[in-house]
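Protein chains: 2
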Amino acid sequence: MIEIYDTTLRDGTQRKGISLSCQDKLRIAVELDRLGVHYIEGGWPGSNPKDIEFFSRAKDMTWHNAKISAFGSTCRPKTNPEDDANLKALIESQTPVCTLFGKTWTLHVTDVLRTTLEDNLRLIEASVAYLTQQGREVVYDAEHFFDGYKADPAYALQTLQAAVRGGASRVVLADTNGGSHPWEVETVVRAVLPHIPVPLGIHAHNDGEFAVANSIAAYRAGCTHIQGTINGYGERCGNANLCSILPNLELKFGEKILPEGQLQRLYELSRFVSELANLAPDDHLPYVGKAAFAHKGGVHVAAMRRNANSYQHINPALVGNQMQVVVSELSGRGNLISKSEEYGIALDDTALMKGVLEDIKQLESQGYSFEAAEASVALMIHRQKPGYTPPFKLIDFSAQVEHRQGRGIFAEATVKVEVQGQVLHTAAEGDGPVSALDKALRKALEQHYPQIHRFHLSDYKVRILDGDKGTSATTRVLIDTRNGTKAWSTVGASSNIIEASWRALADSIEYGLLELK
Amino acid sequence: MIEIYDTTLRDGTQRKGISLSCQDKLRIAVELDRLGVHYIEGGWPGSNPKDIEFFSRAKDMTWHNAKISAFGSTCRPKTNPEDDANLKALIESQTPVCTLFGKTWTLHVTDVLRTTLEDNLRLIEASVAYLTQQGREVVYDAEHFFDGYKADPAYALQTLQAAVRGGASRVVLADTNGGSHPWEVETVVRAVLPHIPVPLGIHAHNDGEFAVANSIAAYRAGCTHIQGTINGYGERCGNANLCSILPNLELKFGEKILPEGQLQRLYELSRFVSELANLAPDDHLPYVGKAAFAHKGGVHVAAMRRNANSYQHINPALVGNQMQVVVSELSGRGNLISKSEEYGIALDDTALMKGVLEDIKQLESQGYSFEAAEASVALMIHRQKPGYTPPFKLIDFSAQVEHRQGRGIFAEATVKVEVQGQVLHTAAEGDGPVSALDKALRKALEQHYPQIHRFHLSDYKVRILDGDKGTSATTRVLIDTRNGTKAWSTVGASSNIIEASWRALADSIEYGLLELK
Numbered sequence: 001m002i003e004i005y006d007t008t009l010r011d012g013t014q015r016k017g018i019s020l021s022c023q024d025k026l027r028i029a030v031e032l033d034r035l036g037v038h039y040i041e042g043g044w045p046g047s048n049p050k051d052i053e054f055f056s057r058a059k060d061m062t063w064h065n066a067k068i069s070a071f072g073s074t075c076r077p078k079t080n081p082e083d084d085a086n087l088k089a090l091i092e093s094q095t096p097v098c099t100l101f102g103k104t105w106t107l108h109v110t111d112v113l114r115t116t117l118e119d120n121l122r123l124i125e126a127s128v129a130y131l132t133q134q135g136r137e138v139v140y141d142a143e144h145f146f147d148g149y150k151a152d153p154a155y156a157l158q159t160l161q162a163a164v165r166g167g168a169s170r171v172v173l174a175d176t177n178g179g180s181h182p183w184e185v186e187t188v189v190r191a192v193l194p195h196i197p198v199p200l201g202i203h204a205h206n207d208g209e210f211a212v213a214n215s216i217a218a219y220r221a222g223c224t225h226i227q228g229t230i231n232g233y234g235e236r237c238g239n240a241n242l243c244s245i246l247p248n249l250e251l252k253f254g255e256k257i258l259p260e261g262q263l264q265r266l267y268e269l270s271r272f273v274s275e276l277a278n279l280a281p282d283d284h285l286p287y288v289g290k291a292a293f294a295h296k297g298g299v300h301v302a303a304m305r306r307n308a309n310s311y312q313h314i315n316p317a318l319v320g321n322q323m324q325v326v327v328s329e330l331s332g333r334g335n336l337i338s339k340s341e342e343y344g345i346a347l348d349d350t351a352l353m354k355g356v357l358e359d360i361k362q363l364e365s366q367g368y369s370f371e372a373a374e375a376s377v378a379l380m381i382h383r384q385k386p387g388y389t390p391p392f393k394l395i396d397f398s399a400q401v402e403h404r405q406g407r408g409i410f411a412e413a414t415v416k417v418e419v420q421g422q423v424l425h426t427a428a429e430g431d432g433p434v435s436a437l438d439k440a441l442r443k444a445l446e447q448h449y450p451q452i453h454r455f456h457l458s459d460y461k462v463r464i465l466d467g468d469k470g471t472s473a474t475t476r477v478l479i480d481t482r483n484g485t486k487a488w489s490t491v492g493a494s495s496n497i498i499e500a501s502w503r504a505l506a507d508s509i510e511y512g513l514l515e516l517k
Numbered sequence: 001m002i003e004i005y006d007t008t009l010r011d012g013t014q015r016k017g018i019s020l021s022c023q024d025k026l027r028i029a030v031e032l033d034r035l036g037v038h039y040i041e042g043g044w045p046g047s048n049p050k051d052i053e054f055f056s057r058a059k060d061m062t063w064h065n066a067k068i069s070a071f072g073s074t075c076r077p078k079t080n081p082e083d084d085a086n087l088k089a090l091i092e093s094q095t096p097v098c099t100l101f102g103k104t105w106t107l108h109v110t111d112v113l114r115t116t117l118e119d120n121l122r123l124i125e126a127s128v129a130y131l132t133q134q135g136r137e138v139v140y141d142a143e144h145f146f147d148g149y150k151a152d153p154a155y156a157l158q159t160l161q162a163a164v165r166g167g168a169s170r171v172v173l174a175d176t177n178g179g180s181h182p183w184e185v186e187t188v189v190r191a192v193l194p195h196i197p198v199p200l201g202i203h204a205h206n207d208g209e210f211a212v213a214n215s216i217a218a219y220r221a222g223c224t225h226i227q228g229t230i231n232g233y234g235e236r237c238g239n240a241n242l243c244s245i246l247p248n249l250e251l252k253f254g255e256k257i258l259p260e261g262q263l264q265r266l267y268e269l270s271r272f273v274s275e276l277a278n279l280a281p282d283d284h285l286p287y288v289g290k291a292a293f294a295h296k297g298g299v300h301v302a303a304m305r306r307n308a309n310s311y312q313h314i315n316p317a318l319v320g321n322q323m324q325v326v327v328s329e330l331s332g333r334g335n336l337i338s339k340s341e342e343y344g345i346a347l348d349d350t351a352l353m354k355g356v357l358e359d360i361k362q363l364e365s366q367g368y369s370f371e372a373a374e375a376s377v378a379l380m381i382h383r384q385k386p387g388y389t390p391p392f393k394l395i396d397f398s399a400q401v402e403h404r405q406g407r408g409i410f411a412e413a414t415v416k417v418e419v420q421g422q423v424l425h426t427a428a429e430g431d432g433p434v435s436a437l438d439k440a441l442r443k444a445l446e447q448h449y450p451q452i453h454r455f456h457l458s459d460y461k462v463r464i465l466d467g468d469k470g471t472s473a474t475t476r477v478l479i480d481t482r483n484g485t486k487a488w489s490t491v492g493a494s495s496n497i498i499e500a501s502w503r504a505l506a507d508s509i510e511y512g513l514l515e516l517k
């Protein structure tokens, strides 16, 4: 029986740029519990007052699968556990589990802790014992275990045995600096295993691009407790990625770990966590990346229709992902039908569908790309429908950028649109020409569509297609827009970057207005 | 002796969103050659007319370490090699090496190729033999080798033996679907090795997050040829990442692969490739990510001052990276000195160098990046020199884009510059605002500098840096300019895309005029 220990909320948040509110952390914990991990490390109460709030709220909630754990270090050199503020914070967290990390590596004991090797063993045993005496389950994390073992295997083992004497329920070998490789991990775990009477765990980092392989190597050598984070978030190069470890163990090594049906939620969970962490999801992540099962039309797709396994290593549905149906000039009718279903548009009319396909082909030959701009595709389907009335019609626009001595740079735009029979003509300034156009358009539309204030442009991407044409190259612009939790993407292309931006912008607003009628 | 086969320019470009011009590909190939890889796969001439240009230009260049290879498939079922358009394209590429892929997996032979198992063996042997008879070295890539071996080990082996009979110099086992794990790879490589008299290679994909571990597993089992891409670029979840494999092999497994001093260029190369590919560099990549050796102040940094290895698995300088404290990649004096030497500028004056470093720091904090814009760096050095007179001084510019009914889109720009004491004020139309600015600037300068007609803007790239600020995001523009065989790159950044473009454009012209005085 393999158990999973999630540390997204503690070690994962060490990644630069992640900052989770207490509410975010609780929402993620609820989803992790539902997924079926066995431990959720919520934070380090001794280092972070925000984490204290997390534990105080978590203790009144119901957890179905996971035990909540609070993280901290063994007490300070030459002191006793009962006098240690850090251990006091752990006790006050009232979590069923406390995870304590201690020193393995003699270098760290003498040079960083600045104590004796004997005192370090005492700190470990006494700190673990103090918490177990308070009725807590204690998971012991052996910091720098592999480096420490290489330097002095006998001493490294003694530190683990001190934790066991103190009553630790689990002993976890941490590759803190992340530089070990799977064959070292396997050898060391096999050497340690016979000496430790409690379940052994692994905590890997990705500095050699081996974190997942090291976790699996440890599992093969006998570790039954695996620590990691969702999406591999963590400092430097990240922690071991549970979104790869879980499907690898379940689908490649035949381990049943999660409750029935939960592995299929992995894709959704991965995106949920990246959403709350406010990081763009990595489309290329194994298993859970949006492009993890993306195939470029033609031969591959045809081959896959003959045999689904010919170009994919697993059925993507097993992790809640899907073969990416890429709408492009190469795409067949099947692709488009599934897209229109996704957008809830009945597309049973063959002539209509043919029209949309022709539009797509024609626009892609101009440099459009609809792979990541489903809202623009949805609009094309709408526009092919007889009787479709767009929420606004563009008449004119202009944008102007000036650099005049003494005044610096300056951007202004005008927009003329027709809304419900009325012609509106507005002007605005902006940081640049596109921001000025956005503001002028919103000014024109806000009288009829006040909901437009809720649309937030969340990303703006520019790609030059045929860069070798220099400044006359075709430019493709992608705009992501958000309205609360709903997000959509639109595209525009032109040899004029302003026009390309304008088209993506106009589509973004039109689609938003259709959705929020 | 381990050899490295780079396929960034072929398999790497399968990654969604990468589009490299021929000039970009040549620039990357030059850097790969300098790094010391043994093979550079430049493209697939049979599938892509752009790649034909690459090979035609590459054959007249001097390669110091690497052999250039063209990629293609074995000839079509039931045909002969001499009638095959794809093989013809390989021959016409005139590369010393051709890499041919063929089918291993019986499922693919019967269901995808739709031929017999015997015919497939014939295709492999005949295609390889045809190319070797033309004097080419042939690397044979066995597609889906591990899946094919699991399905039918005897047949899988026969396909390799057919390639050997044809005269293949290398036989490469490809994990095309990327789902194998290191322990399978190790077992299969050990089983195959005794049957193959030529060096065996590995080509791994990252679908299980094992691409690097699989490559190292294959190496441990006896493969001496390793294929991969810079930054692990590739379709779906990417190819095996050479930026992790190379330091792992050199620093953890004691293999000497690259020429002296080249491993220290890895960080720079990684960023150079991401810059040309127009992808944001991944800060969390092992070894070469900007955050790979980033420590959150306090304890870690203090501990590292006591012992540099206490919190890092290698010395980051070994791969050209650094413990993160520093604002700018170029801010070391050593880098700057080597850059200025590259541009033939004596930079012995410490005060001057300090000035340039300060400029770089200040501009990088605004969103500039000088990694791929050496001409902008060279100009900054020139400008710091006392008595530098720029060939022209910008006074004003304006750019205007209009969409008026009946007229369509329209772009116009004006430029006011001072050249040799004379003020020139010009206007021009263009495909877009930047092209209009380019034309107006050239109009103003051509009277004094007729050589400007020889400058050709060969590429134009736009990167949005903080896309979450929507249309107010900072924009970075890179412009490549060519004058015959000489090429240079410049950069501009601003929250106004026109201003960013203008700055890169003005630098491009100024640098060209200095070089062509």
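Taken in sequence, the protein lines are chains A and B. Mapped onto this note's numbering, the consecutive letters of the first sequence carry residue numbers 1 to 517. Mapped onto this note's numbering, the consecutive letters of the second sequence carry residue numbers 1 to 517. Backbone N, C-alpha and C fix where the C-beta goes; we use that ideal spot for every residue, glycine too. Quantities reported herein were computed from a predicted structural model and do not represent experimental measurements.
Asked: So, under 8 Å CB-CB, Ala487(B) and Arg476(B) are touching, yes? Tell me the CB distance rounded to an integer number of Å.; Found: About 19 Å; that fails the 8 Å criterion.
Asked: Using the beta-carbon count (16 or more within 10 Å), is Glu209(A) buried or exposed?; Found: buried
Asked: Which of helix, strand or coil does DSSP assign to Ser56(B)?; Found: helix
Asked: Please classify Phe253(A) as buried or exposed, where buried requires at least 16 other C-beta atoms within 10 Å of its C-beta.; Found: exposed
Asked: In chain order, what residues of the same chain lie with their CB nearer than 8 Å to the CB of Glu446(A), ignoring the 5 residues before and after it?; Found: Ile452 and His453
Asked: Using DSSP's beta-bridge definition, name the partner residues of Asn483(A).; Found: Lys486(A)
Asked: Taking buried to mean at least 16 other C-beta atoms within 10 Å of its own C-beta, is Val423(B) buried or exposed?; Found: exposed
Asked: Given Thr176(A), which residues of its chain have a CB within under 6 Å of its CB, disregarding the five upstream and five downstream residues?; Found: Glu143 and His144
Asked: Which first and last residues belong to the beta strand (DSSP E) in which Glu92(A) is found?; Found: Per DSSP, Glu92(A) belongs to no beta strand (DSSP E); it is in the alpha helix (DSSP H), Ala85 to Ser93.
Asked: For Arg76(B), which residues of its own chain have a beta-carbon under 7 Å away from its beta-carbon, when the five flanking residues on both sides are left out?; Found: Asp84
Asked: Answer with yes or no whether the minimum CB distance from Cys237(B) to chain A is below 8 Å.; Found: yes
Asked: For Asn80(A) and Glu137(A), I'd like the C-alpha separation in whole angstroms.; Found: 20 Å
Asked: Which residues does DSSP list as the beta-bridge partners of Asn239(A)?; Found: His205(A)
Asked: Are the beta-carbon atoms of Gly234(B) and Asp11(B) separated by less than 8 Å?; Found: yes
Asked: Against chain B, does Ala127(A) count as a neighbour if the rule is that its beta carbon must be under 8 Å from one of theirs?; Found: First, the amino acid is wrong: residue 127(A) is Ser here, not Ala. No, because no Cβ of chain B sits closer than 8 Å to the Cβ of Ser127(A).
Asked: Could you tell me the boundaries of the beta strand (DSSP E) in which Val602(A) lies?; Found: Nothing can be reported for residue 602(A), as the shown portion of chain A is limited to 1 through 517.
Asked: Starting from the beta carbon of His181(B), find every residue of chain A whose beta carbon is closer than 9 Å, and list them in chain order.; Found: Ala213, Ile216, Asn248, Lys252 and Phe253
Asked: In terms of alpha-carbon separation, which member of Lys103(A), Arg463(A), Gly261(A) and Asn206(A) lies closest to Leu242(A)?; Found: Asn206(A)
Asked: May I have the straight-line CA-CA distance separating Glu429(A) from Gln366(B), to the nearest angstrom?; Found: 22 Å
Asked: Roughly how many angstroms separate the alpha carbons of Leu457(B) and Thr471(A), rounded to a whole number?; Found: 7 Å
Asked: Hey, is His203(B)'s beta-carbon within less than 8 Å of any beta-carbon in chain A?; Found: no
Asked: Anything in chain B within Cβ reach of Ile497(A), meaning under 9 Å, just list it in chain order.; Found: Val401, Gly432, Pro433, Val434, Val462, Ile497, Ile498 and Ser501
Asked: Between the region 105-136 of chain A and chain B, which residues of the former have a C-beta closer than 7 Å to a C-beta of the latter?; Found: Leu107, His108, Asp111 and Val112
Asked: Buried or exposed for Arg404(A), please, with buried defined as at least 16 other CB atoms from any protein chain shown within 10 angstroms of its CB.; Found: exposed
Asked: Is it buried or exposed, Glu412(B), if we count other Cβ atoms within 10 angstroms and call 16 or more buried?; Found: buried
Asked: Grouping DSSP H, G and I as helix and E and B as strand, with all else coil, what is Arg265(A)?; Found: helix
Asked: Would you be able to state if there are at least three C-beta pairs under 8 Å between the region 368-381 of chain A and the region 394-402 of chain A?; Found: no
Asked: Give me, in chain order, the residues of the same chain whose beta-carbon lies closer than 6 Å to that of Leu32(B); leave out the 5 immediate sequence neighbours on both sides.; Found: Asp6 and Ile40
Asked: Since Thr426(A) sits in a beta bridge, which residues does DSSP pair it with?; Found: Val415(A)
Asked: Does any CB atom of chain A fall closer than 8 Å to the CB of Pro197(B)?; Found: no
Asked: In three-state DSSP terms, what is Gln312(A)?; Found: coil
Asked: Taking Val189(A) and Ala221(A) to be in contact with their CB atoms under 8 Å, please state how far apart those CB atoms are, rounded to whole angstroms.; Found: 4 Å
Asked: Using a beta-carbon distance below 8 Å, is Asp207(B) in contact with chain A?; Found: yes
Asked: What is the rounded straight-line gap between the Cα of Thr104(A) and the Cα of Tyr155(A)?; Found: 7 Å
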